[in-house]
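Asker: So the sequence lines, in the order shown, correspond to chains V and Y. Each residue of the first sequence is one higher than the one before, starting from 1 at the first, in full-length UniProt numbering. Each residue of the second sequence is one higher than the one before, starting from 1 at the first, in full-length UniProt numbering. Here a beta-carbon is modelled for each residue, glycine too, at the ideal position from N, C-alpha and C. From a predicted model like this one, the values you see are computed outputs, not experimental measurements. Attaching a single structure in structure tokens format; questions to follow.
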Amino acid sequence: MDGEEDTSNPMMEANGTGGVDEAPLSSTSTRKNRPIISGEPLDIEAYAGLYTGRTKIKRLIFIASRCDNPAMQLEALRMAYDEIKKGENTQLYREVVQKIEGRLGPNYEMDAAWCSTIERKDEQRKEKLESELNAYRTNLIKESIRMGYNDFGDFYYAHGALGDAFKSYIRTRDYCTTSKHIIQMCLNAILVSIEMVQFSNVTSYVSRAELTPEALDPPTVAKLCCASGLAHLEAKKYKLAARKFLEVGPELGNSYSEVIAPQDVATYGGLCALASFDRTELKASIFIDNINFRDFLELVPEVRELINDFYSSHYASCLEYLGNLKPNLMLDIHLYNHVETLYDQIRNKALIQYTLPFVSVDMRMMADAFKTSVSGLEKELEALITDNQIQARIDSHNKILYARHADQRNATFQRVLQTGNEFDQDVRAMLLRANLLKRDCNLKASRKV
Amino acid sequence: MEGLVTQIQGLSGTDSDVLSLQNLLKQADDSLHAESTRLLPFLDQLDPAKHSLGYLYFLEAFTAGPVTNEHASSSVLMIARFISSCVAEQIRLAPDKFISVCKRFKDQVLLLEEPLRGVAPMLTAIRKLQSSSEHLTALHPEFLLLCLLSKCYKTGLSILEEDIFEVDQPRDLFLFCYYGGMISIGHKRFRKALELLHNVVTAPMPTINAIAVEAFKKYILVSLIHNGQFPTNLPKYASSVAQRNLKNLCQPYIELANSYSNGKIADLETYVEANKDKFESDNNLGLVKQAVSSMYKRNIQRLTQTYLTLSLQDIANRVQLNSPKEAEMHVLQMIKDGEIYATINQKDGMVRFLEDPEQYKTCEMIERIDSSIQRLMTVSKKLNVMDELMSCDPLYLAKAGRERQRFDFDDFDNVPQRYNI
């Protein structure tokens, strides 16, 4: 609660010096009573509990490498260590041990004996798998060959040999007999591709899975939606990503925890939608039609609140929520790269929407609503106007923003004159060039004769 | 020789006589050149106004030899007199001779270092030589060169106003447009200059040439001054040679344009300072400086899109000028030139930007639009005529047929695309 007091004080001062009407003041003071959650650092244990398998380890290592709080770093590494010990990935194990550097006491030192036993077992298992596969291949039983390759894929995946795992999974394609098999193959390929950060593969396997003739069961549909949403996010196509995340059905539950948690669906989808949708679309897709997504949003109340705030134009508190969420989002393996862009877009959208209904806006009031200084706001507005995203002009003397209505008639006249000039110039240049070419052509011909 | 003179005097009357005289003169041309030193007295016996053709042959032979300084002075006078009094119909029978006489005239004027003396006669010469105002003669570039050297830009502009379509030699066109571009720059008519230089850069050319390279350098600078940007690619109708080579040959200018597009004045200035020698050796330093100062204008113009009022201090900060005073001078100058619409309130130091007051409601504006439409109609008519001529041209058809060996039935429906207004 202390932190909250601190943030509210400068705001009050800003209001005092700004000397604005009562209205915005009262609205901010009512909002102040709401608890603002998630200002505290990430609870790693709870976070890691959302995931299983390789992505859990990966996410933990990622947090350790991005976070500058040593206690959190060590906590993440410790959990990663424990998790790896359950599996068979010796290579990742060595990496983590190296990162720990003995800071976690003797229990987390390099365990060479464990490594060598695991590796020995692996050799044996690999040989066994190979001989099995060869036997299947000589017998030409399709289903068995498929299983053999699948086992190989699982084996490689468990050891972190992602490239080999991908190849093995792909090889099962020739031996798939039912669409169920194909979907399994696609899901495996998608899983490995996401781990390898090769999202073009993800897109292609998602579409392949969707092309199967039989109707897909709801959890699979949800999984595919998540996967293609991630792929679009990675490609910076936020609008498409948002649509995909919003489509994800409630059947997802915790079934895809090796890739994504339902909380993530809400966060990714919510942020992308805010950044890329216009107001009507936002309303239609989040508030009315989409009960599914509302359920997801319930899992992450901060995101739900901030979307609500954005929609009901309480930009200050919306931006506050965003600011509080930011440090945690920066630790997200998929989102960290896009946080800045998404935030900028959301902020710009908020600015644009704020100005949209007014003929003139007092910039001092607007600066209060966005918790920024007037000169800072002026800079932001200037950039947006230059970008042609806001049709308005700034009265810098009186600090008022006036909407500007484009005069269609004048603009048309201007364009007509300009087009005429361009046409004139183009045609004349064209005639000249044609004449030159003709002359050249005649010259060549006469030389020949 | 005397016989020839009498024949000239006798045969300068009717058109048919002049034609037969031309044949005679052609045969006598070699002997005239052989005796070039003793021709002066015969010239006196001929009247340039009546016996233009004969006079031209004698004059050409007479001026063929090497010229000294004092010699030049008298022959310049003689040629100038000839140009002003000769008959256009007669000299057009021997355009080569006339052109070479005029070129020598230009050389001699330059030898005397008095280019101004050549300007008026050369203009007369062009008028007499060209069959229509659309015809580019070999004398056009010479005339523009004289204008440039004598700084008579205004006289040069009169020629540039006319549209040129027919060209004898590509080299003439290149030089004409290049010099024309320079004259227009001298008069700050950047739009015209851009058009002329654009013609040089995009003209079909089998190999890269120095004129095009120099023109391209100026083209970059002028488009920065006029448009505030330089398109990264040449239009696709430019010759492939130009597309491939021009950029590599003008690297410092391309980099200047890149630096300009970043919008940071300080960077641009340091870049210009670092490459001053290159620009100076190309004689483009003045233009480069104009380009730099145009950036201030461009930035101020951009502010008018965003602001209704802005203090001079803020303008100075945003445009990176040193003081509000300087900003005021810039704004004032721009208001004067009609580049922005604004009022300055000196008491508060505020500038109030206004909208373009043009309402497109006046009679003048309607007339302007009407004349513009008329002009476009003539131009597009010309284009259609040209297109029809081209599609009937046996040479073109032969070439097109060769490139497209097999005729499908569909091809006959394929009407060539036209501009329609």
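How long is the line joining the alpha carbons of Arg31/V and Cys318/V, rounded to whole angstroms?
Answerer: In this prediction, Arg31/V has a pLDDT of 39, which is less than 50 and means its spatial position is unreliable; what the coordinates show is noted afterwards. Each residue's alpha carbon lies about 11 Å from the other.
Asker: Where does Ser38/V fall in DSSP's three states?
Answerer: Caution is warranted here: a pLDDT of 44 is assigned to Ser38/V, below 50, making its placement in the model unreliable, and no coordinate value can be reported.
Asker: Excluding the 5 residues flanking Ala327/Y on each side, which residues of the same chain have their C-beta closer than 7 Å to its C-beta?
Answerer: Leu312, Ile315, Ala316, Val319 and Leu321
Asker: Could you tell me if Ser276/V is buried or exposed, where buried requires 16 or more neighbouring beta carbons within 10 angstroms of its beta carbon?
Answerer: buried
Asker: Would you call the CB atoms of Pro141/Y and Leu197/Y closer than 8 Å?
Answerer: no
Asker: Who does Tyr311/V pair with in a DSSP beta bridge?
Answerer: Looking at the DSSP assignment, Tyr311/V forms no beta bridge with any residue, so it has no partner.
Asker: Can you pull the chain V residues whose beta carbon is under 8 Å from the beta carbon of Ala203/Y, in chain order?
Answerer: Leu432, Arg433 and Leu436
Asker: For chain Y, is any of its Cβ atoms less than 8 Å away from the one on Arg393/V?
Answerer: yes
Asker: What residues from chain V crowd round Phe216/Y, counting only those whose CB sits closer than 7 Å?
Answerer: Going along chain V, no residue has its Cβ under 7 Å from Phe216/Y, so there is no contact; the nearest lies around 16 Å.
Asker: Would you say Asn254/V touches the ligand SAH, meaning its beta carbon is less than 7 Å from a heavy atom?
Answerer: Among the components of this structure there are no ligands whatsoever, and the ligand SAH is therefore not found.
Asker: With distance defined between alpha-carbon atoms, name the residue in Ser313/V, Cys441/V, Arg393/V and Asp407/V nearest to Ala398/Y.
Answerer: Cys441/V
Asker: Verify whether the separation of the beta carbon atoms of Tyr360/Y and Asn337/V is less than 8 Å.
Answerer: no
Asker: Let me check understanding here. Comparing Cα to Cα, which of Arg244/Y, Lys264/Y and Glu255/Y lies closest to Phe279/Y?
Answerer: Glu255/Y
Asker: Among residues of its own chain, excluding the 5 on either side of Ser16/Y, which ones have a beta-carbon nearer than 8 Å to its beta-carbon?
Answerer: none
Asker: Leaving out five residues before and five after Ile8/Y in sequence, what residues of the same chain have Cβ atoms less than 6 Å from its Cβ?
Answerer: His51 and Gly54
Asker: Does the beta carbon of Asn201/V sit closer than 8 Å to a beta carbon anywhere in chain Y?
Answerer: No, Asn201/V does not count as interfacial toward chain Y.
Asker: Going by alpha carbons, who is nearest to Thr309/Y out of Ser179/V, Leu187/V and Glu382/V?
Answerer: Glu382/V
Asker: Taking three-plus beta-carbon pairs below 8 Å as touching, is the segment 361-377 of chain V in contact with the segment 326-343 of chain V?
Answerer: no
Asker: At least one CB of chain Y closer than 8 Å to the CB of Ser26/V: is that the case?
Answerer: Only weak support exists for where Ser26/V lies, its pLDDT of 37 falling under 50; the value from the coordinates is given anyway. Not closer than 8 Å to any Cβ of chain Y, the Cβ of Ser26/V fails to qualify, so no.
Asker: Determine the chain Y residues that contact Glu382/V at a beta-carbon separation under 9 Å, and present them in chain order.
Answerer: Leu303, Thr306, Tyr307 and Arg318
Asker: Quick one: residues in its chain with C-beta nearer than 7 Å to the C-beta of Thr220/V, no 5 flanking neighbours on either side, listed in chain order?
Answerer: Ile183
Asker: Output yes if chain Y places a C-beta closer than 8 Å to the C-beta of Phe423/V; else output no.
Answerer: yes
Asker: Please check if any C-beta of chain Y sits within less than 8 Å of the C-beta of Arg409/V.
Answerer: yes
Asker: Extract the residue ranges of the beta strand (DSSP E) inside the segment 307-394 of chain Y, only unbroken runs of 3 or more that lie entirely within it.
Answerer: 307-311, 342-345 and 350-353
Asker: When the Cα atoms are used, what is the spatial distance from Ile225/Y to Leu110/Y?
Answerer: If you take the alpha carbons of Ile225/Y and Leu110/Y, they lie about 32 Å apart.
Asker: Note down the Cα distance separating Glu195/V from Leu162/V, rounded to an integer number of angstroms.
Answerer: Their backbone Cα atoms lie some 8 Å apart in a straight line.
Asker: With burial defined as no fewer than 16 other Cβ atoms inside 10 Å of the residue's Cβ, what is the status of Glu273/Y: buried or exposed?
Answerer: When all chains shown are included, Glu273/Y counts as exposed.
Asker: Note down, in chain order, every chain V residue with its Cβ under 8 Å from the Cβ of Asp314/Y.
Answerer: Ser396
Asker: Please check if any C-beta of chain Y sits within less than 8 Å of the C-beta of Thr355/V.
Answerer: no
Asker: Please report the Cβ distance between Ile333/V and Leu384/V, rounded to the nearest whole angstrom; I am assuming they are in contact, meaning their Cβ atoms lie under 8 Å.
Answerer: The C-beta separation of Ile333/V from Leu384/V comes to about 32 Å, leaving the pair out of contact by the 8 Å criterion.
Asker: Is it right to say Gly270/V is buried, meaning 16 or more other beta carbons lie within 10 angstroms of its own, or is it exposed?
Answerer: buried
Asker: Bridge partners of Ile79/Y, per DSSP?
Answerer: DSSP output for Ile79/Y lists no bridge partner at all.
Asker: Grouping DSSP H, G and I as helix and E and B as strand, with all else coil, what is Glu214/V?
Answerer: Correct three-state label for Glu214/V: coil.
Asker: For a test of the three-state rule: what should DSSP assign to Ile395/V, helix, strand or coil?
Answerer: First, the residue type needs correcting, since residue 395/V is Asp and not Ile in the sequence shown. If DSSP states are grouped into helix, strand and coil, Asp395/V belongs with the strands.
Asker: May I ask you to report which of helix, strand or coil DSSP gives His159/V?
Answerer: coil
Asker: Just to confirm before moving on: does the CB-CB distance between Met182/Y and Val241/Y stay below 8 Å?
Answerer: no
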